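As structure tokens, the structure follows; a few thoughts come after it.
Number of protein chains: 2
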Amino acid sequence: MQKLLTFFSIFTLTSTLFSSTALAAIESSRAVNVDLLIVGGSIVTMNAEREVIENGAIAITNGKIDLMGTRRIVERNSRAKRVINATGKVIIPGLINTHTHIPMVLFRGISDDLDLNDWLTKFIFPAEAKNVNEQFVRAGTRLGLAEMIRGGTTTYCDMYYFEDAIADETKKAGVRGVLGETIIKFPVADNKTPEEALAYTERFIKKWKNDPLIVPAAAPHAPYTLETATLRSIKEQSDRLDSNVVIHVAETKKERDDILAQYGKTPVEYLDSIGFLSNRTIAAHSVWLTANEIDIYKNRGVGSAHCPQSNMKLASGVAPVPAMLAKDIPVGIGTDGAASNNDLNMWEEMDTAAKLHKLTSNDPKTLPAEQAFEMATIRGARALHLDKITGSLEVGKRADIVIVDMDNLNQIPSFNIYSSLVYSTKSNDVRTVIINGRLVMLDRRLLTLNESAIKRDANAYRDRIIKSLGN
Amino acid sequence: MQKLLTFFSIFTLTSTLFSSTALAAIESSRAVNVDLLIVGGSIVTMNAEREVIENGAIAITNGKIDLMGTRRIVERNSRAKRVINATGKVIIPGLINTHTHIPMVLFRGISDDLDLNDWLTKFIFPAEAKNVNEQFVRAGTRLGLAEMIRGGTTTYCDMYYFEDAIADETKKAGVRGVLGETIIKFPVADNKTPEEALAYTERFIKKWKNDPLIVPAAAPHAPYTLETATLRSIKEQSDRLDSNVVIHVAETKKERDDILAQYGKTPVEYLDSIGFLSNRTIAAHSVWLTANEIDIYKNRGVGSAHCPQSNMKLASGVAPVPAMLAKDIPVGIGTDGAASNNDLNMWEEMDTAAKLHKLTSNDPKTLPAEQAFEMATIRGARALHLDKITGSLEVGKRADIVIVDMDNLNQIPSFNIYSSLVYSTKSNDVRTVIINGRLVMLDRRLLTLNESAIKRDANAYRDRIIKSLGN
Numbered sequence: 001m002q003k004l005l006t007f008f009s010i011f012t013l014t015s016t017l018f019s020s021t022a023l024a025a026i027e028s029s030r031a032v033n034v035d036l037l038i039v040g041g042s043i044v045t046m047n048a049e050r051e052v053i054e055n056g057a058i059a060i061t062n063g064k065i066d067l068m069g070t071r072r073i074v075e076r077n078s079r080a081k082r083v084i085n086a087t088g089k090v091i092i093p094g095l096i097n098t099h100t101h102i103p104m105v106l107f108r109g110i111s112d113d114l115d116l117n118d119w120l121t122k123f124i125f126p127a128e129a130k131n132v133n134e135q136f137v138r139a140g141t142r143l144g145l146a147e148m149i150r151g152g153t154t155t156y157c158d159m160y161y162f163e164d165a166i167a168d169e170t171k172k173a174g175v176r177g178v179l180g181e182t183i184i185k186f187p188v189a190d191n192k193t194p195e196e197a198l199a200y201t202e203r204f205i206k207k208w209k210n211d212p213l214i215v216p217a218a219a220p221h222a223p224y225t226l227e228t229a230t231l232r233s234i235k236e237q238s239d240r241l242d243s244n245v246v247i248h249v250a251e252t253k254k255e256r257d258d259i260l261a262q263y264g265k266t267p268v269e270y271l272d273s274i275g276f277l278s279n280r281t282i283a284a285h286s287v288w289l290t291a292n293e294i295d296i297y298k299n300r301g302v303g304s305a306h307c308p309q310s311n312m313k314l315a316s317g318v319a320p321v322p323a324m325l326a327k328d329i330p331v332g333i334g335t336d337g338a339a340s341n342n343d344l345n346m347w348e349e350m351d352t353a354a355k356l357h358k359l360t361s362n363d364p365k366t367l368p369a370e371q372a373f374e375m376a377t378i379r380g381a382r383a384l385h386l387d388k389i390t391g392s393l394e395v396g397k398r399a400d401i402v403i404v405d406m407d408n409l410n411q412i413p414s415f416n417i418y419s420s421l422v423y424s425t426k427s428n429d430v431r432t433v434i435i436n437g438r439l440v441m442l443d444r445r446l447l448t449l450n451e452s453a454i455k456r457d458a459n460a461y462r463d464r465i466i467k468s469l470g471n
Numbered sequence: 001m002q003k004l005l006t007f008f009s010i011f012t013l014t015s016t017l018f019s020s021t022a023l024a025a026i027e028s029s030r031a032v033n034v035d036l037l038i039v040g041g042s043i044v045t046m047n048a049e050r051e052v053i054e055n056g057a058i059a060i061t062n063g064k065i066d067l068m069g070t071r072r073i074v075e076r077n078s079r080a081k082r083v084i085n086a087t088g089k090v091i092i093p094g095l096i097n098t099h100t101h102i103p104m105v106l107f108r109g110i111s112d113d114l115d116l117n118d119w120l121t122k123f124i125f126p127a128e129a130k131n132v133n134e135q136f137v138r139a140g141t142r143l144g145l146a147e148m149i150r151g152g153t154t155t156y157c158d159m160y161y162f163e164d165a166i167a168d169e170t171k172k173a174g175v176r177g178v179l180g181e182t183i184i185k186f187p188v189a190d191n192k193t194p195e196e197a198l199a200y201t202e203r204f205i206k207k208w209k210n211d212p213l214i215v216p217a218a219a220p221h222a223p224y225t226l227e228t229a230t231l232r233s234i235k236e237q238s239d240r241l242d243s244n245v246v247i248h249v250a251e252t253k254k255e256r257d258d259i260l261a262q263y264g265k266t267p268v269e270y271l272d273s274i275g276f277l278s279n280r281t282i283a284a285h286s287v288w289l290t291a292n293e294i295d296i297y298k299n300r301g302v303g304s305a306h307c308p309q310s311n312m313k314l315a316s317g318v319a320p321v322p323a324m325l326a327k328d329i330p331v332g333i334g335t336d337g338a339a340s341n342n343d344l345n346m347w348e349e350m351d352t353a354a355k356l357h358k359l360t361s362n363d364p365k366t367l368p369a370e371q372a373f374e375m376a377t378i379r380g381a382r383a384l385h386l387d388k389i390t391g392s393l394e395v396g397k398r399a400d401i402v403i404v405d406m407d408n409l410n411q412i413p414s415f416n417i418y419s420s421l422v423y424s425t426k427s428n429d430v431r432t433v434i435i436n437g438r439l440v441m442l443d444r445r446l447l448t449l450n451e452s453a454i455k456r457d458a459n460a461y462r463d464r465i466i467k468s469l470g471n
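If you're matching them up, the sequences are chains A and B in order.
Each residue of the first sequence is one higher than the one before, starting from 1 at the first, in the numbering used here.
Each residue of the second sequence is one higher than the one before, starting from 1 at the first, in the numbering used here.
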């Protein structure tokens, strides 16, 4: 719908108005109909100018941000079916979790504090072999989605098995996802060979290609768990289908050393040498990168997912995030699967990222709060190649919006909005979540998922998993 | 009151009974009166055997744990005025925050992401000079106490100004505290010279010496901010009054280097050479320690407070905690002041400690969840020299007890209780808090503090602080 709006040309943020159409003078009586109106509160836009609109308002129509500005102007120019009052709260772009294995939330805490190899081979792989099927994946996805929505995550990037079922559950819950079906050289729960997995991803990508919420992808596990020929086939498919590719890269020193020994090149150099990297690649972890490999990411437009808590817990190392940011690499923040975290909490992940890089760079000015928040929002959207539609609050973008309390005891007093968001705000301070214009949580009540059924399922799987491992 | 109890000598935890008196057979009809009875739930005792009692119960009389065991037996042997049902929940010892500057919560986020020197001299010191007085300290203490109680902290160790007012507020709120009045060589808000401060601590310690909740202490700021003679006077006072001494030690490399240059000894060696250290010392941070200095801590019985998030945020370094634990040093966990964290959240602090030391030791087996939880409870109590009365759930100890949800979406499924507590549980999962036998929070409602008044005060101070800094 075409909308004509009064534009108050006053050069302070308190009277800013952004609209999806060319701005032109109209009478205020010609207010337009909108589906949902959020009024009051401070809007942290994360647009290029990093504008923060005090006492703002956002009008949403057909799932997108149609009008944004100060409350007075937006209210005058819109007639809403539904209004949410956010006075005293902060309105932010939905958080973007750039790396997860969502169903693994059912393995939360199944084993901890072990060597990576023992953890994988003695617990995770046996537990997966004995438990993972489509129903398990669906139950785990619903639990993970519920935890993420409650923490204000509106978009996530996944890599697991039965990704078609994950897409189905994600769409039903109304969450945005870049969802990658795993391709790996040994037999797994859904596909027994990489060829089978490639056929699966072909069907999967074609099926979901134009979905408004789901971005289907292939997810080759890692350079060390796939043959070169398979990686080439995956890239060919992604070129042909114009689809994303999610992959673990250089997570551990051992991986880096092994790839170097096998191919005479470090992981990113190896992947680049076979033409694998593109501006549709999402490279998780990327801990053991050289300066040259960061340049390769830059030149190819690769997005990256930084997972500080998982990298700490598994003692993998610290990704060179400040160096990546210095080159403006699109590096987002991810929780990784809950089995190595053990939660899907983006607030703690932001806080950890900001603090960890201060420590390792020996400089408390490194990764300031605003930059950490950027990584969890617009830079994360860039990492997932989704920044045209999400990651910031801008007219024309999809309405992925989170309303956050700012007056809880752990948050007050507040002197700087980014500091409050990154260093003081908790998952529990999130009140209301809108994804693609749809309310998925209102005042902490989940609207698209059944919390008690999710809990019942999780506990039933718990008993089954314990039995399966003979404990 | 003398109580005689049936002792079921069955060698499984499901029928364990601990009582404060010698165990003897009685008739079940001779149940004793108790003030408060907690029934159901898993009791994580943190006693020497690390017993976990399923479907347990704890009876509290006169502020102490009088009877503990399985629900069936404890219920049979006690007649309670009040019963709290903890079925499905976890009952833990109250958390112990071993290092804070509690009123600084009013400076939460006043400045971040700066060099330590700029942070202190451009923001913290001016803000303190212009704002800190007794009323400020009282308001900040109430806010900090409210945040800590809501997160299950029942004991904290403090270092600030007007500590007598902090003690007063802490006692009113019913929280346990080791509270240290700052002694420093430059003029501060309450005392203009170390001599004045020593006179203050003399009165302060004598006034609070036998309080059931407050442990008064002197808090010499650090080796680099006090003359040797003053440090000796403080030690003399502490010997004479049998009181604790709280001090920052070796927080930064610069401090270590400066002390080494000035005295020819590293900080702990220097303090030991002047006879300063004892089994009443609580040494915060202790980041830059040599193996010899760890041995000195061990030999003198010094307690230490590890503050991982503050040390990361200020890029101070990483304390040698695994080496300290290997020597069984009583090292607890502290948040430090909220200005360098920016919260008083012990759950995130435990989680960070467990993960940070895995990373820096390059070994994911380092600091497993149970050990991190121990640092936040019984080892923290040892660090504060309070382990005879708190830090674990044992008959005869003061009833500092926290009841925690274990079925929230971020916690399920749960496979291991310590993993769930350290890696998945959040401050918000704390439901009920009892300190010294008194209910201070019930089902997340604060009972000893006025939340709305606290918020009003915090916001008023926010405006005043901004004005004072000319922003």
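Backbone N, C-alpha and C fix where the C-beta goes; we use that ideal spot for every residue, glycine too.
As the structure is a computational prediction, the values presented were derived from the model and not from experiment.
Under the Cβ criterion of 7 Å, A:Y160 is not counted among the residues facing chain B. Pairing B:N62 with A:M406, the inter-Cα distance amounts to about 39 Å. Going by DSSP, B:G380 is part of the alpha helix (DSSP H) stretching over 378-383.
Collapsing the DSSP output to three states places B:A219 in a strand.
When DSSP states are grouped into helix, strand and coil, A:M159 belongs to the strand group.
Under the Cβ criterion of 7 Å, B:I412 is counted among the residues facing chain A. Here the segment 305-320 of chain B lies against the segment 341-361 of chain B, with 3 or more beta-carbon pairs under 8 Å apart. Comparing alpha carbon positions, the residue from B:H285, B:N342, B:I124 closest to A:K426 is B:N342.
Checking the DSSP bridge columns, you'll see B:G332 partnered with B:A305. Within a 10 Å sphere around the beta-carbon of B:R462 sit 16 or more other beta-carbons, which makes this residue buried.
For B:Y423, the nearest beta carbon of chain A is closer than 7 Å to its own beta carbon.
Distance from the CA atom of B:K185 to the CA atom of A:L289, rounded to whole angstroms, is 48 Å. The residue from B:P93, B:I234, B:I259, B:A197 with its alpha-carbon nearest to that of B:G275 is B:I234. At a C-beta separation below 8 Å, A:R431 has no neighbours in chain B, since its nearest C-beta there lies roughly 13 Å away.
When DSSP assignments are scanned along the segment 30-116 of chain B, the uninterrupted stretches of beta strand (DSSP E) that are 3 or more residues long and fall wholly within it turn out to be 32-39, 42-44, 56-61, 64-70, 78-85, 90-93, 95-100. Per DSSP, A:I234 is one residue of the alpha helix (DSSP H) stretching across 228-241.
A:V402 places its beta carbon less than 7 Å from that of A:I92. Residue contact check for A:E147 against chain B: a CB pair falls below 7 Å.
In this structure, the CA atom of B:P267 is about 7 Å from the CA atom of B:L260. The criterion of a C-beta distance shorter than 7 Å is satisfied by B:A250 and B:S286. For chain B, the residues of the segment 95-115 of chain A that bring a beta carbon within less than 9 Å of one of its beta carbons are V105, L106, F107, R108, G109, I110, S111, D112, D113, L114, D115, in chain order.
Per DSSP, A:E269 is not a residue of any beta strand (DSSP E); the alpha helix (DSSP H) it occupies stretches across 267-273.
For B:M312, the C-beta contacts it makes with chain A under 8 Å involve K355, L356, K358, L359, in order along the chain. With the criterion set as a beta carbon lying under 9 Å from some beta carbon of chain B, the members of the segment 447-458 of chain A are E451, I454, K455, A458, in sequence order. Under the criterion of beta carbons closer than 8 Å, B:K81 and B:G41 do not qualify as touching, at roughly 20 Å. Considering only A:E181, A:A381, A:K207, A:A57, the residue with the shortest C-alpha distance to A:E196 is A:E181.
Below the 7 Å Cβ cutoff, chain A contributes K355 as neighbours of B:Q309, in chain order. Note on geometry: alpha-carbon atoms of A:I329 and A:D387 lie some 13 Å from one another.
Per the C-alpha coordinates, the member of A:S424, A:I102, A:F136, A:F123 positioned closest to A:Y156 is A:I102. For A:L409, the C-beta contacts it makes with chain B under 8 Å involve L143, A146, E147, R150, E451, I454, K455, in order along the chain.
B:R203 and B:I333 have their C-alpha atoms roughly 29 Å apart. When rounded, the separation of the alpha-carbon atoms in B:I166 and B:L179 is 8 Å. Interface annotation, B:F415: in contact with chain A, CB-CB separation under 7 Å. One thing to note: B:F107 has its Cβ no nearer than 7 Å to the Cβ of B:E134.
Between B:K365 and chain A, the shortest Cβ-Cβ separation is below 7 Å. Any Cβ of chain A closer than 7 Å to the Cβ of B:D343 would place that residue at the interface, and such an atom is present.
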